[in-house]
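Below is one structure; the comments refer to it alone.
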Amino acid sequence: MKTSRLQILLLLLLLTGIALIRYHLAGLPLERDEGEYAYMGQLILEGIPPYSLVYNMKFPGIYVIYAGIMALFGQTPFGIHIGLLLFNAATLFLLYLLARKLLSPWAGLATAAAFAVLSLSPSVQGMVSHAEQFVLLPTTGGIILLLAGLEQQRSRRLLFLSGLCLGIALMIIQLAVPLLLFGGVWIFLDDLFRGQARIRETTPKLLLFGAGAVIPYGITCLIFYRLGLFDAFWFWTITYARTYVGQVPLDAAWHLFRGRAVSILHASTGIWLLAALGLIVLFRKKNRSRAPFAVTFLLFSFFAICPGLYFRPHYFVLMIPAVALCAGSGAEELGRFIERIGGNGILAGTLAGVVVAGACISPFVRQRDLYFRMTPTEVSRAVYSLNPFPESVEIARYIREHSSPDDQIAVLGSEPQICFYSHRHSATGHIYMYPLMENQPFADRMQQDTIREIMKAKPRFLVYVAIPASWLIRPKSSRRIFRWFHNYSDRYYHVDGLVELFPGRPSIYLWGTAASTVRPASRLWIYLLERNGTS
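Using the working numbering, you'd call the opening residue of the sequence shown number 3 and step up by one each time.
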């Protein structure tokens with residue numbers, strides 16, 4: 003299939019337009035997941051490995067990516083979001099190549115456009131650097147290599163490289179497990195549809211693919227074994243992670259999924275309608291060879307958002323490549339339909355292009371204030387409501403200006419971005435309070451560990467976040483850490499800062515003695531406490 007200069011020009015215009023929008027949003031304050039990744043990446047750049055000073059259940063790939071991005075572009079939200087911009091652009095280009103191969107060059111453009119819009123949508127928190135965004139690049143590359151390896155009988159090494167790419171995707175976040183499994187399942191299904199599903203034919207392919215897939219995990223295990231951190235790595239990424247995925251009941255899961263899905267469908271309705279059309283037409287006789295791949299890819303992409311049944315908005319990012327491919331198929335069919343009615347191929351292509359452009363541009367028109375007019379702080383408020391992400395910048399600045407680099411801080415709340423901004427080590431490895439509040443067997447032990455680590459470190463500052471979203475307390479959550487905090491802080495610390503958050507108006511910041519004489523007027527507030535005798 004020949005790619006015209008017009009198609010190349012349109013692809014470049016698409017890349018440029020999306021890059022400009024992402025560049026405009028690059029100053030957005032980090033949210034807490036980004037704060038975790040950035041703080042971990044910062045520690046890596048200091049020579050401190052994951053799971054030593056800080057604990058979390060995610061595989062370390064995302065921390066390594068953040069460390070690399072910050073080494074190149076600086077340890078700032080702007081630098082981190084520029085890294086996301088480049089990953090997103092590379093994924094968009096690979097998806098264009100994949101759709102061009104499976105469908106047509108024009109369908110490739112439609113696929114790329116659909117991906118660009120969906121992956122930036124606030125409905126999936128697409129403007130921030132979640133791990134799911136970074137998974138898409140090795141996943142898409144792995145799928146391209148997989149298809150090439152299955153087509154080229156003499157290039158089986160491509161299957162190994164495909165497994166390697168999907169194995170790397172898994173090391174970024176565990177949600178990629180179904181996408182890795184998709185690769186193995188498709189090898190079997192491809193042989194089945196070709197009439198070659200025999201043990202002698204299929205097994206070598208699966209072994210090559212599997213060998214590539216296990217290498218990233220094997221190397222990771224070896225590294226942490228050599229560092230003496232394998233037990234911690236295993237506990238957080240396997241043992242605790244298993245308890246995390248079993249906490250949401252099925253009835254609650256359905257309500258979560260329905261709410262998220264409605265919001266996402268509403269945000270980009272035109273693209274989802276194109277995707278539905280594309281999926282349907284793939285089952286037509288002349289397209290039937292493409293249908294199994296599209297359906298299987300879509301199905302396993304859906305499985306990727308299901309672990310734990312939390313259905314967080316950014317989980318849906320993992321479905322976007324498969325949905326975008328279906329939208330590309332729908333755009334191609336729309337052009338054929340118009341051509342059958344009008345009989346003019348150029349006119350049909352133009353009209354279909356106008357429809358696709360309208361579907362892709364309409365989300366930006368509807369939310370033009372968010373994309374083009376709001377300040378970074380206003381965007382953060384619009385997407386994340388009264389989570390203290392803008393406030394974290396000011397709190398960290400005060401800490402940095404009133405402490406030395408060797409001082410430690412403890413954040414009692416789930417706001418690890420404060421550690422990142424302040425360039426101060428956390429006195430406890432528990433940078434999220436969520437696990438301490440969960441109904442899981444390790445929660446009370448985690449509270450005791452947090453208390454012990456803070457008391458041993460005697461941090462210069464305590465940051466107490468009195469915001470429900472930073473704790474997610476359950477009815478059965480242990481209150482041990484709250485009882486301890488009030489006794490410990492009253493004895494050894496004094497108030498040095500107060501931040502109050504209010505809906506619809508700017509936050510109030512008080513520092514020093516001004517903060518110690520005021521009681522919070524808001525239901526949402528943050529205390530900064532300094533250790534007695536350290537001023």
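All C-beta atoms, glycine included, are put in the ideal place defined by N, C-alpha and C.
Contact under 7 Å by Cβ, residue i with residue j
| i | j | result |
| --- | --- | --- |
| ALA243 | GLY169 | no |
| ALA326 | PHE299 | no |
| PRO107 | GLN9 | yes |
| SER518 | GLU393 | no |
| ILE340 | ALA354 | yes |
| SER479 | MET439 | yes |
| LEU55 | GLY431 | yes |
| TYR511 | VAL501 | yes |
| LEU301 | ALA255 | no |
| ALA101 | THR113 | yes |
| VAL130 | ALA171 | no |
| GLY280 | ALA329 | yes |
| SER382 | PHE391 | yes |
| ILE401 | PHE463 | yes |
| VAL395 | TYR434 | no |
| PRO407 | ALA429 | no |
| VAL250 | PRO309 | no |
Cβ distance (whole Å) where residue i is taken to contact residue j below 8 Å
| i | j | result |
| --- | --- | --- |
| GLY415 | VAL367 | Their Cβ separation, rounded to whole angstroms, is 37 Å, which puts GLY415 and VAL367 out of contact at 8 Å. |
| THR141 | LEU181 | 5 Å |
| PRO51 | LEU231 | 6 Å |
| ALA115 | LEU16 | 6 Å |
| ILE67 | ILE174 | 7 Å |
| ASN58 | TRP238 | 6 Å |
| LEU531 | SER491 | 6 Å |
| ILE411 | ARG399 | Not really, about 13 Å apart at Cβ, beyond 8 Å. |
| LEU183 | ILE217 | Actually they are not in contact, since the Cβ atoms of LEU183 and ILE217 sit about 17 Å apart, beyond 8 Å. |
| TRP513 | GLY499 | 5 Å |
Residues near residue i by beta carbon distance below 8 Å, same chain, minus five either side
| i | result |
| --- | --- |
| ILE307 | LEU177, PHE313, TYR317, PHE318, LEU320 and MET321 |
| ILE189 | LEU148, LEU152, LEU161, THR204, LYS207, LEU208 and PHE211 |
| LEU99 | GLY110 and ILE146 |
| PRO443 | THR245 |
| ALA28 | PRO79, PHE80, HIS83, ILE84 and LEU87 |
| VAL187 | THR298 and PHE302 |
Residues near residue i by beta carbon distance below 7 Å, same chain, minus five either side
| i | result |
| --- | --- |
| SER164 | GLY144, LEU147, LEU148, GLY151, GLY185, PHE211 and GLY214 |
| TYR494 | ARG533 and ASN534 |
| VAL385 | PRO124 and GLN127 |
| TYR65 | TYR39, MET42, GLY43, ILE46 and PRO52 |
| ARG454 | none |
| ILE483 | LEU438, GLN449, THR452 and ILE453 |
Cβ-based neighbour list, residue i, same chain, cut-off 6 Å, excluding 5 preceding and 5 following
| i | result |
| --- | --- |
| LEU526 | LEU388, ILE469 and LEU503 |
| PRO2 | This structure gives no information on residue 2, because the portion of the chain shown stretches from 3 to 537. |
| CYS362 | ALA115 and VAL119 |
| GLU134 | HIS316, VAL319 and LEU320 |
Take every Cβ of the region 13–26, pair it with every Cβ of the region 83–92, and state whether three or more of those distances are shorter than 8 Å. Short answer: they touch.
Curious, which full-length alpha helix (DSSP H) runs of at least 4 residues does the region 246–276 contain? Correct list: 252–269.
Stretch pair the region 437–456 + the region 233–250: three plus CB contacts closer than 8 Å: Because the criterion of three Cβ pairs below 8 Å is met, the region 437–456 and the region 233–250 touch.
Counting pairs of Cβ atoms below 8 Å between the region 26–38 and the region 416–424, do you hit three or more? Contact between the region 26–38 and the region 416–424 is present: 3 or more CB-CB pairs across the two stretches fall below 8 Å.
Are three or more beta carbon pairs between the region 513–532 and the region 452–469 nearer than 8 Å? Yes, they touch.
On the three-pair Cβ rule with 8 Å, is the region 268–280 touching the region 122–135? Output reads yes: the region 122–135 touches the region 268–280.
Contained alpha helix (DSSP H) runs [length at least 4] in the region 77–130, N- to C-terminal order: Whole alpha helix (DSSP H) segments, 4+ residues: 79–104 and 107–120.
4-residue-minimum alpha helix (DSSP H) runs that sit fully inside the region 390–476, ordered along the chain: Segments of the alpha helix (DSSP H) lying fully in the region 390–476: 391–403, 419–424, 436–439 and 445–459.
How do the region 272–287 and the region 332–351 stand: do at least 3 beta-carbon pairs fall below 8 Å, yes or no? For the pair of segments examined, the region 272–287 was found to touch the region 332–351: the number of CB pairs separated by less than 8 Å reaches three.
Could you tell me which whole alpha helix (DSSP H) segments of length 4 or greater appear in the region 188–233? If we require 4 residues or more, the alpha helix (DSSP H) runs fully inside the region 188–233 come out as 201–228.
Could I get the ranges of all uninterrupted alpha helix (DSSP H) runs contained in the region 9–76, with 4 residues as the minimum, in chain order? List check, alpha helix (DSSP H) in window: 34–47 and 63–75.
List, from N- to C-terminal side, the alpha helix (DSSP H) runs of 4 residues or more that fit wholly inside the region 335–369. Those alpha helix (DSSP H) runs which fall completely within the region 335–369 and span 4+ residues are 347–368.
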